[in-house]
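To start, the structure under review is shown below, and the notes come after it.
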Amino acid sequence: MTARGRAPERASKKTFALVLGVGGARSLAQIAVIEALDEMGARPAAIAGSSFGALIGAAYAAGMTGKQMRRHAIALAHDRGGIFSRLIAARAAPLAQWLTAPLGNPVMMDAARFCELFLPEAVPDDFAALTIPLTVIATDLHGRCEVAYSAGALRPAVAASMAIPGLFRPVEIDGRVLVDGAAVNPLPFDAVRGRADVTVAIDCAGGPDETQGTPGPWDALFTTVTIMGQSIVGEKLKAGGGPELVIRPNVGAFRLLDFFAASAILRAAEPAKAEVKEGLARLLGLNAAPERTP
């Protein structure tokens with residue numbers, strides 16, 4: 056019973072946390088999910104990201120809308136000359152060093168430099184400047200364990216999280232040698248446990264395209280990493296405490312380095328938007344998800 060003259064208190068609004076998993080270029084599908092959240096007028100209470108999911112998460116936590124991220128990704132994908140110029144600038148070693156060390160990897164890139172060249176300008180230098188709390192997952196190579204970053208320098212943490220071995224040189228932070236977060240936590244839903252009423256996880260790892268036949272060395276490496284990641288996620292889900300909603304956009308036909316196919320990946324992810332809206336509205340107890348145009 057309420058006191059006379061006092062309006063009844065409204066039930067507290069439920070909150071949700073967003074988890075962005077690994078997937079390389081397939082992670083661009085997460086942008087479509089963020090567009091769906093924007094259209095609902097829904098904002099997560101916390102975000103966790105691993106590998107390229109950390110990069111998308113950093114842009115979202117910095118205040119970018121899904122449409123802004125879409126425009127950024129497509130503009131990059133359509134500028135092939137600019138992409139190659141940036142990739143050359145992001146090399147971990149100059150050409151002269153390859154010639155003196157012929158067994159080195161001529162395509163290896165510096166992850167920090169890569170982030171500097173490809174991250175949107177809206178992404179700040181420090182976690183403290185983000186509009187949504189973000190946790191970034193990386194792997195301590197020598198400690199053989201997971202490292203979670205949520206404070207301090209943001210861009211080095213993102214660089215470490217996406218430092219795929221063989222493609223990026225490991226990143227050193229505070230004496231730790233760090234590589235891709237996919238090695239320990241490809242879908243880090245445990246990083247936001249207890250921080251919201253509902254957890255929504257976006258899994259873009261996908262499966263290999265069986266029509267490709269015998270893969271080349273890079274495809275074989277990335278498919279192997281994907282299989283290992285799926286095994287890790289499967290075991291974590293068996294242990295309980297998993298997300299209330301897992302969205303898996305249909306992007307398995309794309310390779311992990313298909314960044315030039317950004318438009319096609321986003322088109323393939325479009326059906327996931329309805330799944331997100333329906334599932335999240337149900338979990339949050341919303342009668343209808345209001346449409347908003349960012």
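Residues 56 to 349 (our numbering) are what the sequence shown spells out, left to right.
Ideal Cβ placement from N, Cα and C applies to all residues, glycine included.
Beta-carbon proximity of residue i to residue j, cut-off 9 Å
i      : j      : result
Phe314 : Ala132 : yes
Leu196 : Leu222 : no
Leu335 : Ala97  : yes
Gly261 : Thr281 : yes
Pro99  : Val239 : no
Val202 : Ser105 : no
Ala166 : Ala117 : no
Leu300 : Lys68  : no
Arg77  : Cys259 : Rather than Arg, the amino acid found at residue 77 in this sequence is Val. Against a cut-off of 9 Å, the Cβ pair of Cys259 and Val77 comes out as a contact.
Ile320 : Leu83  : yes
Glu325 : Ala130 : no
Ala103 : Leu189 : yes
Gly249 : Pro243 : no
Gln123 : Pro304 : no
Ala329 : Val213 : no
Ser205 : Phe169 : no
Ala323 : Ser216 : no
Asp245 : Gly198 : no
Ala72  : Val247 : yes
Same chain, Cβ closer than 7 Å to residue i, neighbours up to 5 away in sequence not counted
i      : result
His127 : Pro175
Met119 : Pro175, Ala177
Glu64  : Per-residue confidence for Glu64 stands at a pLDDT of 41, beneath the threshold of 50, marking its modelled position as unreliable; the derived number appears in the next sentence. Once the five neighbours on either side are set aside, Glu64 has no close Cβ partner at all.
Ile219 : Asp235
Pro241 : Gly76, Val77, Ser105, Ala260, Gly284, Ile287, Val288
Val226 : Ala166, Ala167, Pro211, Ala214, Ala215, Ala218, Leu233
Asp134 : none
Ser318 : Ile129, Ala132
Buried/exposed call for residue i, threshold 16 Cβ in 10 Å
i      : result
Met164 : buried
Glu94  : buried
Ser140 : exposed
Thr194 : buried
Ile143 : exposed
Arg81  : buried
Pro272 : exposed
Ala294 : exposed
Asp229 : exposed
Arg224 : buried
Ala327 : buried
Gly159 : Per-residue confidence for Gly159 stands at a pLDDT of 48, beneath the threshold of 50, marking its modelled position as unreliable; the derived number appears in the next sentence. With fewer than 16 other Cβ atoms within 10 Å, it is exposed.
Arg337 : exposed
Ala275 : exposed
Cβ shell of residue i (< 6 Å), same chain only, five flanking positions each side left out
i      : result
Thr70  : Ala100, Ala251, Asp252
Tyr115 : Ile89
Pro157 : With a pLDDT of only 48 at Pro157, under 50, the local geometry of the prediction cannot be trusted, and no value is derived from it.
Gly121 : Ile86, Ile89, Glu90, Asp93
Arg231 : Asp195
One or two residues paired with residue i in a DSSP bridge
i      : result
Leu75  : Gly104, Ile257
Asp165 : Arg224
Arg350 : With the chain represented from 56 up to 349, any question about residue 350 goes unanswered, as that position is not in the structure.
Val301 : Ala256
Cβ neighbours of residue i in the same chain (closer than 8 Å, five flanking residues each side left out)
i      : result
Ala316 : Ala80, Ala132, Phe309
Asp180 : Ala208, Leu209, Arg210
Leu172 : Arg141, Ala144, Ala145
beta-carbon residue i near the ligand MG non-hydrogen atom, thresh 8 Å
i      : result
Ala218 : In the structure shown, the ligand MG is absent, as is every other ligand, since no ligand is present at all.
### Task
List in chain order: all unbroken beta strand (DSSP E) runs of 3+ residues lying wholly within the segment 209-246.
226-228, 231-234
### Query
Residue ranges of each beta strand (DSSP E) run of no fewer than 3 residues wholly in the segment 172-204, ordered along the chain?
189-195, 200-204
### Message
I'd like the ranges of any beta strand (DSSP E) spanning at least 3 consecutive residues and lying wholly in the segment 267-293.
### Response
none
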